[in-house]
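K.L.:
Mind the numbering: the sequence shown is residues -24 to -1, 1 to 149 in mature numbering (1 follows the signal peptide of the UniProt record, and there is no 0), read in order.
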Amino acid sequence: MKRRNALKSLLVTAGSLAALPSWAAGWTPETVGNASYGSVAEQEMLAELVETFIPETTTPGAKSLKVHQFILRMVNDCYDQSAQDLLKSGLAKTDELAQQAYTKPFLACDTLQRTDLLRQMGASAEPATQQFANLVKDLTIRGYTNSEYYLVNVQKYVMAPGFYHGCVNVVTN
């Protein structure tokens, strides 16, 4: 390698490393972007769906940990178009089934009605309905168990295990 190319590469690397902390520290949920998918009503319905799977008790529920935004981001960024269509049609189907069973929309149902409806959807003979229920359930569990609250307070996750004890007495024989 020529000296000029080596110096050029070294300077670019040093400049990149100097700029990295200020660039990475500026990330916020607003700068990363919102995973807007569908209407506000569909997003609200998805939030209530995840809250039905993992409700708020003495610990935060899935809705307060914004698991519904995790699901939207995962489906938009990591799944193909068929899964995105399944999510959209599944939300409409959930509201339709709630209207048939309880003569009111899903958001107006109480917790027991919502739980019963999701059980029925998970055991449905219709493959699309069952796939939708399983997709939302699986992503809800994944999003909740990967949330900062769960990892820190339940799993007691430590980023770098082991501790450094610098001031210890060294005993020599």
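The beta-carbon is built from N, C-alpha and C at its ideal position, and this holds for glycine as well.
Is the distance from the Cβ of G98 to the Cβ of V43 below 7 Å?
P.N.:
Position 122 of the sequence shown holds residue 98. Position 67 of the sequence shown holds residue 43. Cβ distance not < 7 Å, so G98 and V43 don't count as in contact.
K.L.:
State buried or exposed for Q96, treating a residue as buried only when at least 16 other CB atoms are found within 10 Å of its CB.
P.N.:
Numbered from its first residue, the sequence shown carries residue 96 at position 120. Q96 comes out exposed.
K.L.:
Is P81 helix, strand or coil by DSSP?
P.N.:
Position 105 of the sequence shown holds residue 81. Reduced to three states, the DSSP call for P81 is coil.
K.L.:
For the putative contact between A17 and F29, defined by C-beta atoms under 8 Å, what is the C-beta separation to the nearest angstrom?
P.N.:
By 1-based counting over the sequence shown, the position of residue 17 is 41. By 1-based counting over the sequence shown, the position of residue 29 is 53. In fact, because the Cβ distance is near 19 Å, the residues do not count as touching under 8 Å.
K.L.:
Relative to the C-alpha of residue 150, which residue among V146, E124, V147 is closest?
P.N.:
Outside the shown range of the chain, which is -24 to 149, sits residue 150, and nothing can be said about it.
K.L.:
Under DSSP, the alpha helix (DSSP H) around P45 begins and ends at which residues?
P.N.:
Within the sequence shown, residue 45 is the residue found at index 69, counting from 1. Checking the displayed sequence, the identity of residue 45 turns out to be Gln instead of Pro. Residues 43 to 54.
K.L.:
I need the DSSP call for G119, collapsed to helix, strand or coil.
P.N.:
For the purposes of this step, residue 119 is taken as residue 143 along the sequence shown, with counting starting at 1. Residue state, collapsed to three classes: helix.
K.L.:
Mind checking whether the beta-carbon of K(-23) lies closer than 6 Å to any heavy atom of the ligand SAM?
P.N.:
Among the components of this structure there are no ligands whatsoever, and the ligand SAM is therefore not found.
K.L.:
A109: buried (16+ other C-beta within 10 angstroms of its C-beta) or exposed?
P.N.:
Within the sequence shown, numbered from 1, the residue matching residue 109 stands at position 133. That one is buried.
K.L.:
Under 8 Å by Cβ, that's how I've got P31 and T116 pegged, so tell me the actual separation to the nearest angstrom.
P.N.:
Here residue 31 is taken as the residue at index 55 of the sequence shown, counted from 1. Here residue 116 is taken as the residue at index 140 of the sequence shown, counted from 1. With 8 Å as the limit, P31 and T116 do not qualify as a contact, their Cβ atoms being about 11 Å apart.
K.L.:
Drop a sphere of 10 angstroms on the beta-carbon of C143, count the other beta-carbons inside from all chains shown, and report buried for 16 or more, exposed for fewer.
P.N.:
Within the sequence shown, numbered from 1, the residue matching residue 143 stands at position 167. By the 10 Å Cβ count, C143 comes out exposed.
K.L.:
Between the alpha carbons of I47 and K80, how many angstroms are there, rounded?
P.N.:
Stepping through the sequence shown from its first residue, residue 47 is reached at position 71. Stepping through the sequence shown from its first residue, residue 80 is reached at position 104. Computed Cα separation, rounded: 25 Å.
K.L.:
Write down the C-beta distance between F82 and E24 rounded to the nearest angstrom, noting that I regard them as a contact closer than 8 Å.
P.N.:
In the sequence shown, residue 82 corresponds to position 106, counting from 1. In the sequence shown, residue 24 corresponds to position 48, counting from 1. About 7 Å separates the two Cβ atoms, so the contact holds.
K.L.:
For S40, does the three-state DSSP call read helix, strand or coil?
P.N.:
By one-based count along the sequence shown, residue 40 stands at place 64. Coil, per DSSP.
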